[in-house]
Every structure is written in C-alpha cells, then in structure tokens.
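Data block below; observations after.
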Amino acid sequence: MLGVTYLLVADRDGPGYTVNYSGPDVQQSALVDQVSDAAWGRALSALLARGGIALAVVVVAATAFGWLLAGRLLRPLDQITDTAVRIADAPAADRGLHERIGLTGPPDEVKRLADAFDTMVERLDHAFDAQRRFVANASHELRTPLTVNRSLLEVALYRGEPTPELAQLGRTLLEVNIRHEQLLDGLLVLARAERSEGSVADRSYVDLADIVDHVVSVTEWAGLEVRCAAGEAAVTGNPPLLERLVQNLVDNAVRYNVPDGFVAVSCFARDGSVLVVENSGPVIPKYDVPALFEPFHRGSRTAHQAPGAGLGLSIVQAIARAHGGEVRAESRTGGGLVVTVTLPAA
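Under numbering that gives the first Met the number 0, think of the first position of the sequence shown as 0, with each following residue one higher.
Structure representation (structure tokens):
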C-alpha cells in the first residue's frame, strides 16, 4: 500500500510543459525549484510515516480481532477437552462418568458433538452402576443358599457315623462351599468399597498397629519367618474394612510364598499412615505387577500354585481408595512382592 502511494505521488512533474528562462529569471527559477523540492520531500515523508502508522494499527487490530474470533470459536472445543481430561484423570473406582459437558449455543457441529459425548458418558455411567448393583445383589442373594448348604453338610458330617467315603465327599463339598462363600464375600466387599470412594461410612479412630498385631496373631504362617514392626499409624476409617485390607495383604503374602520364606509386616507414620507388607516368593515380572490389582487376576506364574479367586489385591486397592489412600506394588529382585498402602493420617 505504501509503495503504491509512493508511486502515485512521487512523479510530481506529470505530463506538464517546459518553460525556458534566461538571465536573472534562471536564478529565481532554481530557488523556486529548490524550495518546492524540499516541501515535496517533507510532504512525502509525512505521508509515508502516517501510512506506516496506519498500517501498523490495521495489523494490530486485525490480529486482535482474529485472536478473539479464534478464541470464541475454539472455546467449545476447550470445554469438551477439559471434560474429557477430567474423566480420564478421575480415580478408577469413581471413573468420573458423572461429568458432563453441557454445551450451550446454536445446534452446530460442535454442539452435536458435545451432546453425543454427554449421551455416551451417561450410558456408560448407567452401565457401570448397573454392573455394581448386579454384583452386590447377586452376591447377597447367593450367600443364603450357600449358607444353607454349609449347614446341611456340617450336620450330615457330624451327626451319626458316616462311612469313610461319605465323610470324604462331605469334607470336599464343604471346602468347595467355603471357597464359594469367600468368593461372594470378596465380591460384596469389593462392590461396597468401590461405591464408597472417599466417603466411607461409620468412620472412627483406628491405629493400624492394633490391626496388624491382631492379624499377625491369628494368621497361620505355615512355617514362614514372620517379621513384624508395628509402629503407631493412626487413621480415621471403617475398622472392618481396614482389617480386611490388612488381612488380604497378609494372606496373599503367605499364599504366594516359597518354603522357608518370610513375610514382613510394618506400619508407621510418614506423610500419612503407611502399611508395608513384603514377602519372598516366585519372581514376578515388572510388567505383570499392575495387572495384579485387576479382579480375578492371580499372576502368570502363580495361578496354578495357590488357591484363591484373585480378588485380594483388588479389594485392598478398593478399600484404600475408599479411604482416600493409594496402593503401590513392586516386585522384589529375588522374588516376591512389596505392597505399600498409604492412607491419610487421622
């Protein structure tokens, strides 16, 4: 634009005509031309300066307008992205599926995308809730017939004198029934803990040291070396759930161990209340450690060696999260596992 302006004004002679001067008029004409050239140069410089200022103002205004327009157009996408990130970063038990975008505005492509996203998340939320309710209800309903079966088997075994074959069959059926009851109890605890993320009812003051001492005293160690260091570690939580957490960790440490191995249980206060359960055992690959917290997963190298349903660490993780804590597991170099539970201090 400035170049065009310069070309339009720089050729000031144009198609004019020439006048010949002689004598004193030549000097006068030269003086007039000199003054005219100076005035013309000043006018041209002023024009170019003002044009440059105008161009700078136009560029700044256009940039600001474009930035505002882009921000207005991208704001709905930012809202969608923020909601998706909150859902992705939510705790596993909560899943963040209660989040909604709730985008307002004209029914354009972005609005339809946000509405479709909200509908999808709502359906997932309902599906997970239905799954939790089904697990809890089914486990509860199945406990009654299993309890009746156990009672009948115990009466049949201990009343009268059954034949050895019948007694062996009864004991086998009783063991199977007890395992099924334990599985259902685990599912109930898992569903209950997952529903209680960060909002456990019936909280009270609990010292993890008392729970550790009790669990260590009632556990059958099967010839393993026991190392217990229970220091004060106060929390506010549900005592039965916290006892189940400690019991599951200790049971796992005993179940997945090796002959002449050890189990070390300790608790202490450090940036919260910390419980550590360490045991010898089979070598667990590092890539397999995160999967140990999945329900019914028992490890690729130990599943065939020890009984159990594979719910122990899943329940531990759910209970810890229900109390606002976290669980971390690490495989030991020589075999075995170290599980660390950190809970908010009382």
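A virtual CB, placed ideally from N, CA and C, is assigned to each residue, including glycine.
Given residue i as reference, the closest of the options once Cα atoms are compared
i, options, result
"E325", "L76, L47, G271, I283", "G271"
"E224", "G260, A208, N237", "G260"
"V215", "A229, R202, Y204", "A229"
"R254", "E277, E242, T235", "E277"
"I79", "P294, W66, L54, F116", "F116"
"P238", "P258, Y204, R269, A268", "Y204"
"V264", "K285, V338, A48, R202", "V338"
"E242", "E121, I210, L73, D36", "I210"
"E219", "L240, D201, V249, G333", "V249"
"D107", "R132, F133, L123, L72", "L72"
"D201", "P284, L240, G65", "L240"
8 angstroms contact criterion, which residue i and residue j should meet: CB distance rounded
i, j, result
"N251", "L312", "7 angstroms"
"L336", "G280", "7 angstroms"
"R149", "L173", "7 angstroms"
"S138", "L183", "4 angstroms"
"A345", "A233", "4 angstroms"
"A328", "V288", "5 angstroms"
"A268", "E231", "6 angstroms"
"V282", "G334", "4 angstroms"
Per-residue burial, residue i [other beta carbons within 10 Å of its own, 16 or more giving buried]
i, result
"N247", "buried"
"T171", "exposed"
"G236", "buried"
"S44", "exposed"
"T118", "exposed"
"Y20", "For Y20, the pLDDT reaches just 47, beneath the cut-off of 50, and the residue's location in the model is therefore unreliable, although a value from the coordinates is still provided. With fewer than 16 other Cβ atoms within 10 Å, it is exposed."
"A330", "First, the residue type needs correcting, since residue 330 is Ser and not Ala in the sequence shown. Its Cβ being crowded by 16 or more others within 10 Å, S330 is buried."
"I314", "buried"
"V34", "exposed"
"E217", "It should be pointed out that residue 217 corresponds to Val in this sequence rather than to Glu. Its Cβ having fewer than 16 others within 10 Å, V217 is exposed."
"V120", "buried"
"G40", "exposed"
"G65", "exposed"
"G185", "buried"
Same chain only: Cβ atoms within 6 angstroms of residue i, ignoring 5 sequence neighbours per side
i, result
"I86", "G95, E98"
"A135", "A190"
"L274", "L207, C266, V340"
"R142", "L183"
"V257", "S279, G280"
"L6", "In this predicted model, L6 has a pLDDT of only 46, less than 50, meaning its place in the structure is not dependable enough to derive any value."
"A63", "none"
Cutoff 8 angstroms; reference residue i; Cβ partners in own chain excluding five residues on either side
i, result
"P75", "L102, G104, V109, K110, A113"
"P161", "A155, G169"
"N176", "L145, N148, R149, L152"
"R158", "none"
"D88", "G95"
Same chain, Cβ closer than 7 angstroms to residue i, five either side skipped, listed in chain order
i, result
"V84", "none"
"A221", "V253"
"I100", "Q78, I79, T82, A113, F116, D117"
"D124", "L96, H97"
Within-9 angstroms CB hit, residue i to chain B
i, result
"D81", "In the displayed structure, chain B is absent; only one protein chain is listed."
Point to revise | Secondary structure, alpha helix (DSSP H): runs of 4+ residues fully inside the stretch 196-283 | key: The stretch 196-283 is shown to contain whole alpha helix (DSSP H) runs of 4 or more residues at 207-217, 238-254, in chain order.
Check your understanding: Quick one: complete beta strand (DSSP E) runs, 3+ long, within the stretch 35-113?
Key -> The stretch 35-113 contains no complete beta strand (DSSP E) run of 3 or more residues.
Check your understanding: What are the uninterrupted segments assigned as alpha helix (DSSP H) that are 4 or more residues long and contained completely in the stretch 131-200, given in chain order?
Key -> Correct list: 163-194.
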